[in-house]
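Trainee: Here it is, the structure in full.
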Amino acid sequence: MTAPKTPPPPAPGASTPRKLIDGSLIFLVALGVAGGIAVWTTRGSERFWEIFQHEVYFSTILLPKIAAGVLIASALPFMISRERITALIGPDSGWRGLAIAMVAGAIIPGGPSVTYPLALGLMAAGADLGAGVALVSGWMLLGLNRTLIWELTFLPVDFVALRLALSLPIPLLLGWAVRKIWVGFKI
Numbered sequence: 000m001t002a003p004k005t006p007p008p009p010a011p012g013a014s015t016p017r018k019l020i021d022g023s024l025i026f027l028v029a030l031g032v033a034g035g036i037a038v039w040t041t042r043g044s045e046r047f048w049e050i051f052q053h054e055v056y057f058s059t060i061l062l063p064k065i066a067a068g069v070l071i072a073s074a075l076p077f078m079i080s081r082e083r084i085t086a087l088i089g090p091d092s093g094w095r096g097l098a099i100a101m102v103a104g105a106i107i108p109g110g111p112s113v114t115y116p117l118a119l120g121l122m123a124a125g126a127d128l129g130a131g132v133a134l135v136s137g138w139m140l141l142g143l144n145r146t147l148i149w150e151l152t153f154l155p156v157d158f159v160a161l162r163l164a165l166s167l168p169i170p171l172l173l174g175w176a177v178r179k180i181w182v183g184f185k186i
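In structure tokens:
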């Protein structure tokens, strides 16, 4: 019988795995429990259970979307090489990389349950924090799905065009600012 081998040390610059239970989870659970107690004492148990059932239903609908977003983000390094992602939207990709990230964010059809895991997956696969910020802010400010379905349905075309024109440089500027301020910062 051979002695069990110890795992190799992490590669230089590799991030440590995140803990499942950390301060933010504890804070959110405490906030949820405090809110539940407040509803129970001020509105009664019937209202508490009504809200609880609604939130369980909402979570049941949302969890598959989050799982899909996380799976897509996890599969990115296997679909596109780290070198390719780094070349396209890595720290040395310049304004072109920020523009690619911004456009990718603008055309993502999902909500935050898809966008945030995708941004995190791209950053884990070689994108830098500036590109992640450009992607998320491009999704928030320039979202094609929202613009076509909601804005152009209810708002005048010139209003939507002006809003898009004013919003267009913001994701690029945010990504550039992050690259200048947080040089070398890793998530």
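Residue numbers for the sequence shown follow numbering that gives the first Met the number 0, beginning at 0 and rising by one. Each residue gets a CB set at the ideal place from its N, CA and C atoms; glycine is no exception.
Pick helix, strand or coil for residue 64, following the three-state DSSP scheme.
Mentor: helix
Trainee: Pick out whichever of 86, 137, 157, 160 has its Cα sitting closest to the Cα of residue 125.
Mentor: 86
Trainee: I think residue 97 touches residue 133, with their Cβ atoms under 8 Å apart; what is that distance to the nearest whole Å?
Mentor: 5 Å
Trainee: Return the Cβ separation of residue 114 and residue 106 in integer angstroms, given the expectation that the two are a contact with Cβ distance under 8 Å.
Mentor: 11 Å between Cβ atoms; not a contact.
Trainee: Excluding the five sequence neighbours on either side, which residues of its own chain have a C-beta within less than 6 Å of the C-beta of residue 118, listed in chain order?
Mentor: 131, 134, 135
Trainee: Helix or strand or just coil, what does DSSP make of residue 12?
Mentor: Note on residue 12: pLDDT 49, under 50, position unreliable in the model; the coordinate value appears next. Looking at residue 12 - three-state DSSP - the assignment turns out to be coil, as it is neither helix nor strand.
Trainee: For residue 92, which of 153, 127, 147 has the nearest alpha-carbon?
Mentor: 127
Trainee: Please work out which residues of its chain come closer than 8 Å, Cβ to Cβ, to residue 89, disregarding the five sequence neighbours upstream and downstream, and give them in chain order.
Mentor: 96, 125, 126, 127, 130
Trainee: Mind listing, in chain order, the continuous alpha helix (DSSP H) runs of no fewer than 4 residues lying wholly within the segment 48-97?
Mentor: 81-88
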